[in-house]
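Number of protein chains: 2
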Amino acid sequence: MKNSISVDWEGGLAFSTAINGHPLTIDANEEFGGNNAAPNPKSLMMMALAGCTGIDVVSILKKMKIGYEHLAIQVDADLSEEHPKVYTAMHLTYIFRGRDLDSNRLQRAIDLSLDKYCGVSAMYRQAMSISHSLKIIDTKKNGAQRP
Amino acid sequence: MKNSISVDWEGGLAFSTAINGHPLTIDANEEFGGNNAAPNPKSLMMMALAGCTGIDVVSILKKMKIGYEHLAIQVDADLSEEHPKVYTAMHLTYIFRGRDLDSNRLQRAIDLSLDKYCGVSAMYRQAMSISHSLKIIDTKKNGAQRP
Chain A
1 MKNSISVDWE
11 GGLAFSTAIN
21 GHPLTIDANE
31 EFGGNNAAPN
41 PKSLMMMALA
51 GCTGIDVVSI
61 LKKMKIGYEH
71 LAIQVDADLS
81 EEHPKVYTAM
91 HLTYIFRGRD
101 LDSNRLQRAI
111 DLSLDKYCGV
121 SAMYRQAMSI
131 SHSLKIIDTK
141 KNGAQRP
Chain B
148 MKNSISVDWE
158 GGLAFSTAIN
168 GHPLTIDANE
178 EFGGNNAAPN
188 PKSLMMMALA
198 GCTGIDVVSI
208 LKKMKIGYEH
218 LAIQVDADLS
228 EEHPKVYTAM
238 HLTYIFRGRD
248 LDSNRLQRAI
258 DLSLDKYCGV
268 SAMYRQAMSI
278 SHSLKIIDTK
288 KNGAQRP
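One line per chain: the protein sequences are A and B, in this order.
Just so we're aligned: 47 in the working numbering is position 47 of the first sequence, and the numbers increase by one with no gaps anywhere.
Just so we're aligned: 280 in the working numbering is position 133 of the second sequence, and the numbers increase by one with no gaps anywhere.
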């Protein structure tokens with residue numbers, strides 16, 4: 001299967017495209033001569049990974065009929081100092097908020113994504129180390145502390 | 148150096164973040180249960196590559212004092228059929244529009260980006276093949292054909 005995009009220079013260091021009809025612009029940060037008018041290209045790699053595994057995890061938990069209130073995913077990436085500047089590691093922190101959540105089942109969904117379904121993590125793992133951790137915020141306990 | 152983002156589930160299969168203050172949302176395509184309300188995560192990888200090398204090439208040509216009217220970059224990616232679905236190859240087509248452009252110097256800027264500066268291509272090359280070609284549209288010749 002083929003995926004294609006066409007990207008246009010917009011002056012300065014900005015480039016724009018449309019992905020499935022959705023406009024997307026990137027720009028360089030000011031330290032690299034851009035205007036920081038849009039996300040920088042390398043940062044999109046972090047969002048591609050978080051989005052890919054996030055979609056998997058939400059889909060898997062839906063099939064497992066496991067409810068929760070919120071999921072946030074933090075991506076912390078190590079960037080090398082020398083050119084070409086590459087990410088040498090990315091760490092994913094999956095932060096679930098909900099009541100009486102079963103950490104084993106959440107972990108199972110994460111493992112299924114990272115080991116089996118998420119193409120972005122499979123690709124990135126060829127170039128850097130990918131690690132992850134799980135945090136659970138129990139809203140019943142939190143709620144009990146409120147007046 | 149560290150790069151970090153925090154990504155929030157927005158319901159359905161959509162996730163949002165802010166990169167350097169710029170909001171960015173992804174969604175799954177309808178075939179995967181999403182609403183196609185935003186770019187899908189894997190497509191961001193194509194934009195990351197085009198943007199990274201595009202910024203390099205524009206910056207290098209500016210230093211070389213080489214003018215041109217427009218630069219478009221086409222990315223054609225091969226996606227595997229089996230899970231995890233990965234890109235096995237990306238081909239970049241750099242399309243310059245301008246008058247009397249020197250293909251050798253344009254090629255030199257592209258090579259400097261892909262071989263030396265572009266971190267995204269250096270990372271992707273660990274996971275897939277990266278190839279490129281150069282097209283030049285001479286606007287003087289085109290212009291001469293107009294009335």
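No residue lacks a Cβ here, since even glycine has one placed at the ideal position from N, Cα and C.
| Closer than 7 Å: is that where the CB of B:N187 sits relative to any heavy atom of the ligand MG? | You won't find the ligand MG in this model; it holds no ligand whatsoever.
| task | Find the residues of chain A that neighbour B:S151, judging by a C-beta separation of less than 9 Å, and give them in chain order. | result | M46, Q74, V75, D76 and A77
| Over what stretch of residues does the alpha helix (DSSP H) that includes A:Q107 continue unbroken? | S103 to L112
| task | Within the same chain, show all residues whose beta-carbon is closer than 7 Å to that of B:G180, passing over the 5 residues directly before and after it, in chain order. | result | L160
| By a C-beta neighbour count over all protein chains shown, 10 Å radius and 16 as the cutoff for buried, is B:G201 buried or exposed? | buried
| message | Three or more C-beta pairs under 8 Å: does that hold for the segment 167-176 of chain B against the segment 66-81 of chain A? | response | no
| said: Can you confirm whether B:T164, when its beta carbon is compared against all beta carbons of chain A, has any partner nearer than 8 Å? | reply: yes
| Where B:R293 falls: helix, strand or coil (DSSP) | Because the pLDDT at B:R293 is just 48, under 50, the model does not fix this residue reliably, and the point stays unresolved.
| query | What is the rounded straight-line gap between the Cα of A:L79 and the Cα of B:K287? | reply | 43 Å
| said: Comparing C-alpha positions only, which one of B:A184, B:K282, B:A197 and B:M275 sits nearest to B:R252? | reply: B:K282
| Quick one, which of B:V222, B:S276 and B:M211 has its alpha-carbon nearest A:T17's? | B:V222
| Positions along the segment 93-111 of chain A whose CB lies within less than 8 Å of some CB in chain B | none
| request: Please work out which residues of its chain come closer than 6 Å, Cβ to Cβ, to B:S276, disregarding the five sequence neighbours upstream and downstream, and give them in chain order. | output: A236
| request: Go through the segment 6-74 of chain A residue by residue and report every complete run of the alpha helix (DSSP H) that reaches 4 residues or more, in order. | output: 41-63
| field | Minimum Cβ-Cβ distance from B:G214 to chain C less than 8 Å | value | In the structure shown, chain C cannot be found, because the protein chains are A and B.
| request: Measure from the alpha carbon of B:D247 to the alpha carbon of each residue in B:S190, B:I284 and B:A195, then state which is nearest. | output: B:I284
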